[in-house]
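Down below is the structure, laid out as structure tokens.
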Amino acid sequence: MSATSALDGVALAATDVTQTDMFQHVLNETLIGSSIWVNIGVAGITLLLFAFMAKDVEDPRSQLIIISAMFVSAVSIVSYTGLASGITISVLEMPDGHAMEGATTTLAGSGETVDGTISLWGRYLTWAFSTPFILLALGLLAGSNMTKIFTAVIFDVGIMITGLAAALTTSSHALRWFWYAISCSFLAVVFYILIVEWPEDAKAAGTQDIFNLCRNLTVVLWLGYTIWWALGNEGIALIESAGLTSWGYSVFDLIAKYVFSFLVIRYTINNVSTVSGGTEYGSTADVAPADD
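With the numbering used here as the guide, the letters of the sequence shown map in order to residues 1 to 292.
What follows is the structure, given as structure tokens:
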């Protein structure tokens, strides 16, 4: 990439942008950079906090729930570092008919103008590896069987993979929304399990209060992610700024991941006998729960 293009007033192609360019852009673009580094910092702090909180827990089932919640922070550190380093962030030229068609981006590091808009597509990798552990913790907390937990996790991964496809598709505006529709249909399956199936399991396990709190938090925020995608620079671009779009996702992450994990871990630590289920229920019990 040369500075001549910028001096001549000709925007560079998105394919000319290097990983170094994106790294420098994150370092120098306040909104995008802060939305990434705040999450790295919070993820690291919460991981240490959760490890300290749970250091005396010995029950295997309780430990599994806690580790599941802790892994959300661990994954976030890795995936957000990928964004910060420029590995999983790109400039994409949107297809005909998209609200950001023909948009250009000025790289904060070099000052050069590039055709396209910023896509932090690495977030979908974050969610693909972290949200299954949110559902695993919820399913274990509810005392659900492995079939329901596996179903929720598989469809959850489907949500994230099709969301990634929607974000990266530049060949067709309609196909972007088709991927989005598929992703929403997978989300509906997960919501059905969260709203219809698992509450009965949690009631039987005696964990309905904490389950309902964490379930409601998850449903509201995951719905918020879905709406935010539609409104942001990857959707209809009512919010054109990639930085504001990124901060919206980061706020959702701060609550959906770290507040959720804190609630789950604190409850588990304080209610080991309920979570383990004594002689009636749980992986630490003498009798495993029967399938519904």
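Note that the Cβ used here is the ideal one computed from N, Cα and C, for glycine as well.
Boundaries of the alpha helix (DSSP H) harbouring residue 231: 208-231, taken from the DSSP string.
Buried is the label assigned to residue 140, since at least 16 other Cβ atoms lie within 10 Å of its Cβ. In the same chain as residue 159, and ignoring 5 residues on each side of it, the C-beta atoms closer than 6 Å to its own belong to 183, 186, 187, in chain order. Distance from the CA atom of residue 104 to the CA atom of residue 154, rounded to whole angstroms, is 37 Å. Boundaries for residue 89: no beta strand (DSSP E) harbours it, and the DSSP string shows neither H nor E there. Residue burial is scored here from C-beta neighbours: residue 135 has at least 16 other C-beta atoms within 10 angstroms and is therefore classed as buried.
The beta carbons of residue 126 and residue 180 sit no closer together than 8 Å. Per DSSP, the continuous beta strand (DSSP E) segment holding residue 105 begins and ends at 104-106. Taking residue 71 as the centre and dropping the five residues before and after it, the same chain places the C-beta of 133 closer than 7 Å to its C-beta, in chain order. Shown here for residue 35: same chain residues with a beta carbon closer than 6 Å to its own, the five before and five after excluded, namely 246, 247, 250 in chain order.
Cβ contact annotation for residue 259 (same chain, cutoff 8 Å, sequence separation greater than five): 217, in chain order. When C-alpha distances from residue 213 are compared across 190, 256, 232, the shortest belongs to 256.
Listed in chain order, the non-local C-beta contacts of residue 190 below 6 Å within the same chain comprise 152, 155, 156, local neighbours out to five positions each way being set aside. Bounds of the beta strand (DSSP E) holding residue 118 are 117-119.
The beta carbons of residue 45 and residue 268 sit no closer together than 8 Å. In the assembly as shown, residue 233 is a buried residue. Its beta-carbon has 16 or more other beta-carbons within 10 Å.
The Cβ neighbour count for residue 58, taken over all protein chains shown within 10 Å, is under 16; the residue is labelled exposed. A direct Cα-Cα distance of roughly 31 Å separates residue 200 from residue 76. Distance between residue 211 and residue 264, taken at the CA atoms: about 9 Å. For residue 94, no alpha helix (DSSP H) segment is defined, and its DSSP state is neither H nor E.
The three-state secondary structure of residue 264, taken from DSSP, is helix. Inter-residue distance for residue 167 and residue 69 is about 27 Å (C-alpha atoms, whole angstroms). Just so you know, the alpha carbons of residue 165 and residue 55 end up roughly 40 Å apart. Within a 10 Å sphere around the beta-carbon of residue 195 sit fewer than 16 other beta-carbons, which makes this residue exposed.
Bridge pairing for residue 113: 106 [DSSP]. Nearest to residue 129 by alpha-carbon distance, out of 161, 102, 99, is 161. Annotated three-state conformation of residue 59 is coil, per DSSP. A Cβ-Cβ contact shorter than 8 Å links residue 29 with residue 108.
Burial is judged here by how many other beta carbons sit within 10 angstroms of a residue's own beta carbon; residue 21 has at least 16 and is buried. By the C-beta density criterion, residue 227 is exposed, having fewer than 16 other C-beta atoms within 10 angstroms.
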